[in-house]
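There are 2 protein chains.
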Amino acid sequence: MKAAFSFAVAAAVLLGAAPASAQFAKPEDAIKYRQNALFVMGQHFGRLGAMANGRAPFDAKAAADNADIVLTLSQLPWAGFGPGTDKAAPTKAEPAVWAEPAKFKAASDKMQAEVAKLAAAAKTGNLDNLKAAFGPTAASCKACHDDFRK
Amino acid sequence: MKAAFSFAVAAAVLLGAAPASAQFAKPEDAIKYRQNALFVMGQHFGRLGAMANGRAPFDAKAAADNADIVLTLSQLPWAGFGPGTDKAAPTKAEPAVWAEPAKFKAASDKMQAEVAKLAAAAKTGNLDNLKAAFGPTAASCKACHDDFRK
Numbered sequence: 063m064k065a066a067f068s069f070a071v072a073a074a075v076l077l078g079a080a081p082a083s084a085q086f087a088k089p090e091d092a093i094k095y096r097q098n099a100l101f102v103m104g105q106h107f108g109r110l111g112a113m114a115n116g117r118a119p120f121d122a123k124a125a126a127d128n129a130d131i132v133l134t135l136s137q138l139p140w141a142g143f144g145p146g147t148d149k150a151a152p153t154k155a156e157p158a159v160w161a162e163p164a165k166f167k168a169a170s171d172k173m174q175a176e177v178a179k180l181a182a183a184a185k186t187g188n189l190d191n192l193k194a195a196f197g198p199t200a201a202s203c204k205a206c207h208d209d210f211r212k
Numbered sequence: 063m064k065a066a067f068s069f070a071v072a073a074a075v076l077l078g079a080a081p082a083s084a085q086f087a088k089p090e091d092a093i094k095y096r097q098n099a100l101f102v103m104g105q106h107f108g109r110l111g112a113m114a115n116g117r118a119p120f121d122a123k124a125a126a127d128n129a130d131i132v133l134t135l136s137q138l139p140w141a142g143f144g145p146g147t148d149k150a151a152p153t154k155a156e157p158a159v160w161a162e163p164a165k166f167k168a169a170s171d172k173m174q175a176e177v178a179k180l181a182a183a184a185k186t187g188n189l190d191n192l193k194a195a196f197g198p199t200a201a202s203c204k205a206c207h208d209d210f211r212k
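Quick note, the sequences are listed as chains A and B, same order. Per my numbering, the first sequence starts with residue 63, numbered consecutively. Per my numbering, the second sequence starts with residue 63, numbered consecutively.
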């Protein structure tokens, strides 16, 4: 019963991912796409972190702008993890991404939810709000990396 | 007089770019950042092109979503072309990027202006509008690649 349910969930997630992976000309492009989107996102997330952690002066407009870019980018990488993109090019993605798709989706959904809260916090123009939202967002990045990235 | 003016323009553009390049931990990051942002943008722009050119069925929501992503990404790469990012890592950027900064800025501004029109066209949900805006946008990409990309 549990196995059947897990299979159904996995099938649903994979079927959901199929049209997305079809958006790429070849699996290597999907791998490059997800890596590139995550790198660009990381650069902008790092600028928010520098402000949240006091390594850079707080600039309300820059914070809101960076958070909006992170918000847009946070939605992109997942389409690049479709079937057949586990080893077509060098990747730090763990096999668990494809072996435990429901768990991976939950982790990516969690990150996107935290980023949405971070973007809302950044829009308030208040450094304390940014600080409060930054930690949980960074934790959601780390949780996914711990389980799904080599 | 002409040389003095060109120098003043170049200095203004370079000074303007300095804070942006300071956002990167090292020049290699700036190069990777601009390349990655352009690659992700190109993937989404290609999906708009497939619809505009009839290689993929028109999907109004997908067109609007892709155009919005292109719009966000179109604003990013330029910060990655700061001083010292001409050869710190493999790059197809021509020396002209740094030798003719005003011309390069004009080309990147032109692209961003066309992308803004493309995003507005995509939001109308009308394929003919998308087709009309796609060509000039693609031409602005090509014009900059012709002059500034190996």
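We treat Cβ as the ideally placed atom computed from N, Cα and C, and that holds for glycine. Given the structure is predicted, the values throughout are model-derived calculations rather than measurements.
Interface partners of B/Lys94 on chain A, CB under 7 Å
If you number the second sequence from 1, residue 94 of chain B lands on position 32. Simply Phe101.
Please confirm if A/Phe86 has its CB atom under 9 Å from at least one CB of chain B.
Numbered from 1 along the first sequence, position 24 holds the residue referred to as residue 86 of chain A. By this cut-off, A/Phe86 is an interface position.
Just the Cα atoms here: how many angstroms apart are B/Ala70 and A/Thr186?
The residue given as residue 70 of chain B occupies position 8 in the second sequence. The residue given as residue 186 of chain A occupies position 124 in the first sequence. With a pLDDT of 39 at B/Ala70, under the threshold of 50, the modelled position of that residue is not reliable, and the figure given next carries that caveat. Spanning the two alpha carbons is a distance of roughly 39 Å.
Which listed residue (A/Gly104, A/Asn98, A/Glu90, A/Phe86) has its alpha carbon closest to that of B/Phe86
Numbered from its first residue, the second sequence carries residue 86 of chain B at position 24. The residue with the shortest Cα to Cα distance from B/Phe86 is A/Gly104.
The region 105-114 of chain B in contact with the region 186-206 of chain B per 3-pair CB rule at 8 Å:
yes
Is the distance from the Cβ of A/Lys167 to the Cβ of A/Trp140 below 9 Å?
Along the first sequence, one-based indexing puts residue 167 of chain A at 105. Along the first sequence, one-based indexing puts residue 140 of chain A at 78. Yes, Cβ-Cβ distance for A/Lys167 and A/Trp140 is below 9 Å.
Assuming contact is defined by CB atoms lying nearer than 9 Å, are A/Lys165 and A/Asp208 in contact in what I supplied?
By 1-based counting over the first sequence, the position of residue 165 of chain A is 103. By 1-based counting over the first sequence, the position of residue 208 of chain A is 146. No, the Cβ-Cβ distance between A/Lys165 and A/Asp208 is not below 9 Å.
Which residues of chain A have a Cβ atom closer than 7 Å to the Cβ of B/Thr134, listed in chain order?
Numbered from 1 along the second sequence, position 72 holds the residue referred to as residue 134 of chain B. Near B/Thr134 (Cβ distances below 7 Å), the residues of chain A are Ile131, Thr134.
Would the beta-carbon of A/Ala99 fall within 9 Å of that of A/Asp130?
Counting from 1 along the first sequence, the entry for residue 99 of chain A is found at position 37. Counting from 1 along the first sequence, the entry for residue 130 of chain A is found at position 68. No.
Does B/Asn128 pass the burial test, meaning 16 or more other C-beta atoms within 10 Å, or should it be called exposed?
For this step, residue 128 of chain B is matched to residue 66 along the second sequence. It is buried - the Cβ of B/Asn128 has at least 16 other Cβ atoms within 10 Å.
Closer than 9 Å, Cβ to Cβ, to anything on chain B: give me those residues from the region 161-186 of chain A, in chain order.
none
With a cut-off of 8 Å on the beta carbons, I'd call A/Leu133 and A/Val177 a contact; round off their distance for me.
Translated into the one-based positions of the first sequence, residue 133 of chain A becomes position 71. Translated into the one-based positions of the first sequence, residue 177 of chain A becomes position 115. So it is a contact: roughly 6 Å between Cβ atoms.
DSSP state of B/Ala155, grouped into three classes?
Along the second sequence, read from residue 1 onward, the residue named residue 155 of chain B stands at position 93. Three-state result, B/Ala155: strand.
Counting contacts by CB-CB distance shorter than 9 Å, is B/Leu138 in contact with chain A?
Numbered from 1 along the second sequence, position 76 holds the residue referred to as residue 138 of chain B. Yes, contact with chain A.
Indicate whether at least one CB of chain A lies closer than 9 Å to the CB of B/Arg211.
Position 149 of the second sequence, counted from the start, is the residue given in the question as residue 211 of chain B. Cβ-Cβ to chain A under 9 Å: no for B/Arg211.
What is the DSSP secondary structure of B/Arg117, counted as helix, strand or coil?
Your numbering for residue 117 of chain B matches position 55 in the second sequence. Correct three-state label for B/Arg117: coil.
Is the Cβ of B/Asp148 closer than 9 Å to any Cβ of chain A?
Indexing the second sequence from 1 puts residue 148 of chain B at position 86. False, the Cβ-Cβ gap to chain A never drops below 9 Å.
Please list, in chain order, the chain B residues whose beta carbon lies closer than 9 Å to that of A/Arg109.
Here residue 109 of chain A refers to the residue found at position 47 of the first sequence. Under the 9 Å cutoff, chain B gives Gln85.
What does A/Arg211 pair with, by DSSP beta-bridge criteria?
Looking up residue 211 of chain A in the first sequence gives position 149. Answer is A/Ala155, bridged to A/Arg211.
Consult DSSP for B/Phe86 and reduce its assignment to one of helix, strand or coil.
Translated into positions along the second sequence, residue 86 of chain B becomes position 24. Residue state, collapsed to three classes: coil.
Taking Cβ-Cβ distances shorter than 8 Å, what residues in chain A pair up with B/Met98?
Within the second sequence, numbered from 1, the residue matching residue 98 of chain B stands at position 36. A small fix is needed here, since residue 98 of chain B is Asn in this sequence, not Met. Ordered by position in chain A, the residues that pass the 8 Å Cβ test against B/Asn98 are Gln97, Asn98, Ala99, Phe101, Val102.
Out of B/Arg211, B/Phe143, B/Pro163, state which residue places its alpha-carbon closest to the alpha-carbon of B/Lys154.
The residue given as residue 154 of chain B occupies position 92 in the second sequence. Looking at the Cα atoms, B/Arg211 is the closest of the given residues.
Let me confirm a value: B/Arg117 is counted as buried when at least 16 other C-beta atoms fall within 10 Å, else exposed. Which label applies?
In the second sequence, the residue the question calls residue 117 of chain B occupies position 55. When all chains shown are included, B/Arg117 counts as exposed.
State yes or no: is the beta carbon of B/Asp208 nearer than 9 Å to at least one beta carbon in chain A?
What you label residue 208 of chain B is simply residue 146 of the second sequence in a count that begins at 1. Chain A, which has no Cβ nearer than 9 Å to the Cβ of B/Asp208, makes this no.
Using three-state DSSP, classify A/Glu162 as helix, strand or coil.
For the purposes of this step, residue 162 of chain A is taken as the residue at position 100 of the first sequence. Note: A/Glu162 maps to coil in three-state DSSP.
Under 9 Å, Cβ to Cβ, is there at least one residue of chain A near B/Ala80?
Counting from one through the second sequence, the residue named residue 80 of chain B turns up at place 18. Its pLDDT being 39, under 50, B/Ala80 is placed unreliably in this model, and the value from its coordinates should be taken loosely. Output row for B/Ala80: interface = no.
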